[in-house]
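Okay, so the sequence shown: first residue is 2 according to this note's numbering, each after it adds one.
For each residue, glycine too, the CB sits at the ideal point set by N, CA and C.
To start, the structure itself, in C-alpha cells.
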Amino acid sequence: MTENGPAERGRSLVVRTVSELRERRAAIRRAEHRVGVVPTMGALHEGHLALIRAAAEENDEVVVSIFVNPTQFNDAADLDAYPRTEDRDVELAQAAGATLLFVPSAAEMYPAGFATSVHVGGVSERWEGATRGASHFDGVALVVTKLLVSVGADTAYFGQKDAQQVAVVRRLAADLNLPTTITALPTVRDVDGLALSSRNARLGTGDRETALSLSRSLQRARDLVAAGERDTARLEAEARRILQDAGAAIEYWAIVDPATFEPLAEVVAGALGIVAARVGPVRLIDNAPLA
Ligand code: AMP
Numbered sequence: 002m003t004e005n006g007p008a009e010r011g012r013s014l015v016v017r018t019v020s021e022l023r024e025r026r027a028a029i030r031r032a033e034h035r036v037g038v039v040p041t042m043g044a045l046h047e048g049h050l051a052l053i054r055a056a057a058e059e060n061d062e063v064v065v066s067i068f069v070n071p072t073q074f075n076d077a078a079d080l081d082a083y084p085r086t087e088d089r090d091v092e093l094a095q096a097a098g099a100t101l102l103f104v105p106s107a108a109e110m111y112p113a114g115f116a117t118s119v120h121v122g123g124v125s126e127r128w129e130g131a132t133r134g135a136s137h138f139d140g141v142a143l144v145v146t147k148l149l150v151s152v153g154a155d156t157a158y159f160g161q162k163d164a165q166q167v168a169v170v171r172r173l174a175a176d177l178n179l180p181t182t183i184t185a186l187p188t189v190r191d192v193d194g195l196a197l198s199s200r201n202a203r204l205g206t207g208d209r210e211t212a213l214s215l216s217r218s219l220q221r222a223r224d225l226v227a228a229g230e231r232d233t234a235r236l237e238a239e240a241r242r243i244l245q246d247a248g249a250a251i252e253y254w255a256i257v258d259p260a261t262f263e264p265l266a267e268v269v270a271g272a273l274g275i276v277a278a279r280v281g282p283v284r285l286i287d288n289a290p291l292a
C-alpha cells in the first residue's frame with residue numbers, strides 16, 4: 002500500500018468499463034506502482050479478504066474484480082441463486098486494502114458479437130470439468146484471460162480452495178505468455194474445519210455437520226498417509242466411507258497430481274486429495290495436500 006492509497010486521489014473507487022480500467026491502469030503504470038489483482042465473484046468472506054490483504058502487503062495498488070461470470074455457470078438456477086452484495090463487498094474490499102474495484106456488467110464483458118473462446122486442454126478435463134460440464138473451465142479461462150489482460154497486473158492472487166482452477170490458470174498463463182505471476186494462497190477455514198465458501202450460507206443447520214465430512218475425509222487421508230499408507234485405492238475407499246456415513250452425496254474423491262490433475266495410483270510428494278459432494282441443496286468442494 003502506498004501512503005496515499007489509490008494513485009489517483011479523488012477518483013472513484015469503483016469503475017465499470019474496461020476503458021476506465023485501462024485509464025486508471027495507465028496512471029498507475031506512470032507512477033511505477035506494483036499492481037496485484039484479486040478476481041472474485043463477490044459475496045466476499047474471509048477467504049477472499051485474505052487474498053486482498055496478501056495482495057496489499059505485496060503491492061502498491063490492489064485491483065479487486067467483482068463479476069458473477071455467467072459463462073462459467075452451467076446451471077442457470079445456481080447463477081440466479083448466487084449471492085450479490087456489492088455495497089458490502091466494496092466496503093470490505095477497501096478495508097482489506099483494495100485500491101480499485103472493477104465491477105463490470107455482463108454486457109461490458111461480453112458485448113454483442115462476442116465470439117472468442119479460451120480452452121485449456123488436459124488439466125481442465127476431469128473432476129470439476131467433468132461434473133460441472135466442459136463449459137465451466139472454458140468460462141473461467143475466458144474471464145481470467147480478459148481480466149489479466151485488462152488489468153495488466155504484476156501478480157494475480159487465487160485461492161487454493163479452488164485447486165483445479167489454480168492449475169488451469171497456471172497452465173493458461175504459461176501457455177499464453179501472460180506477464181502476470183500467478184500466486185495461490187492456502188484455503189481459509191472456519192474453526193470447525195469447513196472451507197469458507199459463499200455457498201455455505203445456503204447450508205441448513207443439520208447440513209453443516211454433513212458438510213464437515215469433506216474436510217474430515219481429507220484429514221483422515223492425511224493421517225493415514227502420515228502413518229505410511231500410500232495406496233490410493235485404499236485411501237479413497239476410507240475417505241468415501243466418511244462422506245457416505247455423514248450423508249453427503251459424493252461427486253468425486255480422488256488423489257491427483259497438483260499440476261496436471263491426473264489421478265495418481267500411489268501417493269507421492271505433492272499429491273493432492275480432492276473432493277466434491279452435494280450436501281442438501283449445496284455443492285461443496287475441498288482439497289488438501291496429502292504428502
Ligand atoms: P470466488 O468469488 O468464489 O470466485 O472466489 C474468488 C477467489 O477467492 C478464488 O481465487 C477462490 O479460490 C478464492 N477463495 C474462495 N474461497 C476461499 C477460501 N475459503 N480460502 C481461500 N481462498 C478462497
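No Cβ-Cβ contact shorter than 8 Å links residue 213 with residue 197. Residue 16 has its CB no nearer than 7 Å to any heavy atom of ligand 1. Per the DSSP secondary-structure output, residue 66 pairs in a beta bridge with 40 and 103. Beta-bridge annotation (DSSP): residue 264 is paired with 257. In the DSSP assignment, residue 183 forms a beta bridge with 157. For residue 199, the distance from the CB to the nearest heavy atom of ligand 1 is below 7 Å. Assignment of beta strand (DSSP E) within the stretch 79-143, counting only whole runs of 3 or more residues, yields 101-103 in chain order. In the three-state DSSP reduction, residue 284 falls in the strand class (E or B). Residue 83 and residue 42 do touch by the CB rule: their CB atoms are close to 7 Å apart, below 8 Å. Collapsing the DSSP output to three states places residue 248 in coil. Rounded to whole angstroms, the Cβ separation of residue 290 and residue 273 is 6 Å, and the two are in contact under 8 Å. Placement of the Cβ of residue 51 at a distance of less than 7 Å from at least one heavy atom of ligand 1 is found. Annotation for residue 49: the continuous alpha helix (DSSP H) segment containing it runs 47-59.
Counting along the chain, residue 207 sits inside the alpha helix (DSSP H) bounded by residues 206-227.
Our two residues, residue 18 and residue 159, have alpha carbons roughly 23 Å apart in a direct line. Residue 22 is positioned such that its CB atom lies no closer than 8 Å to that of residue 65. Straight through space, the alpha carbons of residue 276 and residue 249 are spaced by roughly 11 Å. Here residue 75 has 133, 134, 136 and 137 as same chain residues with Cβ atoms under 7 Å from its own Cβ, once five neighbours each way along the sequence are excluded.
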